[in-house]
Amino acid sequence: MTAGSAGTAPAARVHPLAVEVASEFGLDISGAVPRGYDELPPSPDLVISVCDRALEGGVPPGRTRLHWSVPDPVRRGSLEAFRSAFSEIAERVGHLTGSATDEHQISD
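In our numbering, each residue's number is its place in the sequence shown (first place is 1) plus 320.
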């Protein structure tokens, strides 16, 4: 399974707190570059929007579409907001792929 990420108005860089939280989950996204919808393959198998602005902003068509209303951690700007968003998305992806485990939870 291949996954990608894109948005309606990609930032110039990945937020430093997103990089920090991803590393807590064992992921290195320090070299990731934000992309727009125009960089997605045509008609992906599944499109998941994770914020209400993205859903309203013209999510690209896909064979299957889901919407997960996850609060944007940038608005709160705290490490805990990024942890919460990452944990929620990781849990949902785990359920979607049948690989949900408690290892995606971060405790303080």
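From the three backbone atoms N, C-alpha and C, an ideal C-beta is built for every residue, glycine too. Keep in mind that this is a model prediction, so the values were computed, not measured.
Starting from residue i, follow the alpha helix (DSSP H) in both directions and report where the run begins and ends.
{"i": "Ala412", "result": "A quick correction: the sequence has Arg, not Ala, at residue 412. Unbroken alpha helix (DSSP H) run through Arg412: Leu399 to Thr417."}
{"i": "Arg395", "result": "Pro393 to Arg396"}
Counting C-beta neighbours from all protein chains within 10 Å, is the total for residue i 16 or more, i.e. buried, or is it exposed?
{"i": "Arg403", "result": "buried"}
{"i": "Leu416", "result": "exposed"}
{"i": "Pro347", "result": "Per the sequence shown, residue 347 should be read as Leu rather than Pro. Its Cβ having fewer than 16 others within 10 Å, Leu347 is exposed."}
If residue i sits next to residue j, beta carbons under 8 Å apart, how far is it from one beta carbon to the other, in whole angstroms?
{"i": "Gly413", "j": "His335", "result": "According to the sequence provided, residue 413 is Val. The question's Gly does not apply to it. With a Cβ gap of about 19 Å, Val413 and His335 do not count as contacting."}
{"i": "Tyr357", "j": "Ala326", "result": "5 Å"}
{"i": "Glu340", "j": "Leu399", "result": "7 Å"}
Can you give me the C-alpha to C-alpha distance between residue i and residue j, rounded to a whole angstrom?
{"i": "Thr322", "j": "Pro391", "result": "25 Å"}
{"i": "Ser389", "j": "Ser407", "result": "13 Å"}
{"i": "Ala410", "j": "Pro362", "result": "25 Å"}
{"i": "Arg432", "j": "Thr384", "result": "Residue 432 is absent from the structure shown; the chain starts at 321 and stops at 428."}
So does the region 342-353 actually touch the region 363-372, counting three or more Cβ pairs closer than 8 Å? The region 342-353 is not in contact with the region 363-372.
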